[in-house]
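Student: Here the working numbering = 1-based position in the sequence shown + 321. We put the CB at the ideal spot given by N, CA and C, even for glycine.
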Amino acid sequence: MAKKKCNDAPWLATFADLMSLLMAVFVLLFAMSTLDAHKYEAIVKSLTHTLGHGSDLTQTQVQYFKQADEQRKVEQDQDGETTIENLKPLYESLVETFAMASRQSDVQVSLDPEKKRVHISFPENISFPTGSAELKPGFAVYLSKLQPYVTEFSRVQAVGHTDKRPVVGGRFKSNWELSSARAAAVVQKLIENGIIQSRQAEVVGVADTSPLSLAETEAGYAMNRRVEIVIEPNYFEDEGQGENVRTQSISVEEMQIKK
């Protein structure tokens, strides 16, 4: 006697359709979260072909995301131009302030519009004795020139650089320690002179990892031994005047040069 055929569960077709629709929804949500018009359009076309639905609404959505993407790019370009315009007065004033030092001692002032900051680079011959983290007496005069350009909204970063040759003797075991100690000494002097507060300071030592010259000559090594001061004039204003602010007061105290 033949066995009876079992009927397929009628809900399976509906369940499969539901799973397909849920997958489509999740894919669309992922695509829309990035506001990438090209990606969104490609996914919509793929889903339209797969699910077999009309596209009046989806074409409207594609057009919307294209316009949103274009508007975002325009706003980014405008923001970049505004940033440069806002930084120019600070940059030009610092160039003028350090003009003589630039001619005599190779102090360099540069603009970084992408990161909204200005760099002032001081070579070792005016800032520190070789292998030491004790500021040269005349270097404090250069640092005092920064006072008019630092406000309560500014973040000031000191970055120490060395050449690639290993430290020999002295109290520092490596170029990392030397570069960090020099940066800390600069920040400490700025705090002592009332130019910045501890909360505005950041100390960075990069040793020989960011050279200006790759030449293995005395001139090349001298070019790489430097300390940079980086001013971000609107850092605290952009971050909500104190919210999510990275402070370095503990680091400064820990790395303070011991007499």
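Kindly provide the ranges of any alpha helix (DSSP H) runs that are 4 or more residues long and lie completely inside the segment 425 to 478, ordered along the chain.
Tutor: 445 to 448 and 460 to 465
Student: Measure the C-alpha to C-alpha separation of Asp433 and His440 and round it to an integer number of angstroms.
Tutor: 8 Å
Student: Are the Cβ atoms of Val525 and Ala479 separated by less than 8 Å?
Tutor: yes
Student: Is Val416 near the ligand PLP - that is, is its Cβ less than 7 Å away from at least one heavy atom of it?
Tutor: Although the ligand PLP was asked about, the structure shown includes no ligands whatsoever.
Student: Going along the chain, which residues of its own chain have a beta-carbon closer than 7 Å to the beta-carbon of Ala334, five neighbours each way excluded?
Tutor: Answer for Ala334: no residue qualifies.
Student: Among Ala461, Asn407 and Ala337, whose alpha-carbon lies nearest the alpha-carbon of Lys436?
Tutor: With respect to the C-alpha of Lys436, the residue from Ala461, Asn407 and Ala337 having the closest C-alpha is Asn407.
Student: Helix, strand or coil: which one does DSSP assign to Gly541?
Tutor: Here Gly541 sits in helix by DSSP.
Student: Could you tell me the boundaries of the beta strand (DSSP E) in which Arg503 lies?
Tutor: Where Arg503 is concerned, there is no enclosing beta strand (DSSP E), although the alpha helix (DSSP H) it sits in stretches over Asn496 to Glu513.
Student: Report the CB separation of Glu523 from Arg476 in whole angstroms; it is logged as a contact under 8 Å.
Tutor: 7 Å
Student: Does Ile516 come out as helix, strand or coil in the three-state DSSP assignment?
Tutor: coil
Student: Where does Asp377 fall in DSSP's three states?
Tutor: Since pLDDT at Asp377 reaches only 49, below the 50 mark, its modelled position is unreliable, and the value read off the structure follows with that caveat. Helix.
Student: According to DSSP, is Val566 helix, strand or coil?
Tutor: Note that Val566 has pLDDT 36, beneath the 50 cutoff, so the model's placement of it is unreliable and the number below is only indicative. Residue state, collapsed to three classes: coil.
Student: Could you tell me the distance, in whole angstroms, from the CA atom of Leu467 to the CA atom of Ser500?
Tutor: 21 Å
Student: Between Trp332 and Ala345, what straight-line distance do the alpha-carbon atoms span, to the nearest angstrom?
Tutor: 20 Å
Student: What are the partner residues of Ala522, as DSSP defines its beta bridges?
Tutor: Its beta-bridge partners are Val477.
Student: In chain order, what residues of the same chain lie with their CB nearer than 8 Å to the CB of Leu535, ignoring the 5 residues before and after it?
Tutor: Short of 8 Å from the beta carbon of Leu535, and not among the five residues preceding or following it, lie these beta carbons of its own chain, in chain order: Gly541.
Student: Please report how far the alpha carbon of Ser376 lies from the alpha carbon of Asp338, in whole angstroms.
Tutor: At Ser376 the pLDDT is 47, less than 50, meaning the model places this residue with poor confidence; the figure from the coordinates comes in the next sentence. Answer to the nearest angstrom: the Cα atoms are 19 Å apart.
Student: Taking the beta carbon of Met340 as the centre, do at least 16 other beta carbons fall within 10 Å, making it buried, or is it exposed?
Tutor: exposed
Student: Go ahead and pull the three-state DSSP assignment for Val416.
Tutor: helix
Student: Thr403 by DSSP, collapsed to three states: which one?
Tutor: Note that Thr403 has pLDDT 49, beneath the 50 cutoff, so the model's placement of it is unreliable and the number below is only indicative. Reduced to three states, the DSSP call for Thr403 is helix.
Student: Report the rounded CA-to-CA distance for Ile517 versus Phe557, giving the unit in angstroms.
Tutor: 13 Å
Student: When you compare the CB positions of Asn514 and Leu533, do they come within less than 8 Å of one another, or not?
Tutor: No. Outside cutoff.
Student: Can you list, in chain order, the residues of its chain with a C-beta nearer than 8 Å to that of Pro487? Leave out the 5 residues immediately preceding and following it.
Tutor: The answer, listed in chain order, is Ser495 and Asn496.
Student: So, using beta-carbon positions, are Ser442 and Gln429 closer together than 8 Å?
Tutor: yes
Student: If Leu464 sits next to Leu511, beta carbons under 8 Å apart, how far is it from one beta carbon to the other, in whole angstroms?
Tutor: 6 Å
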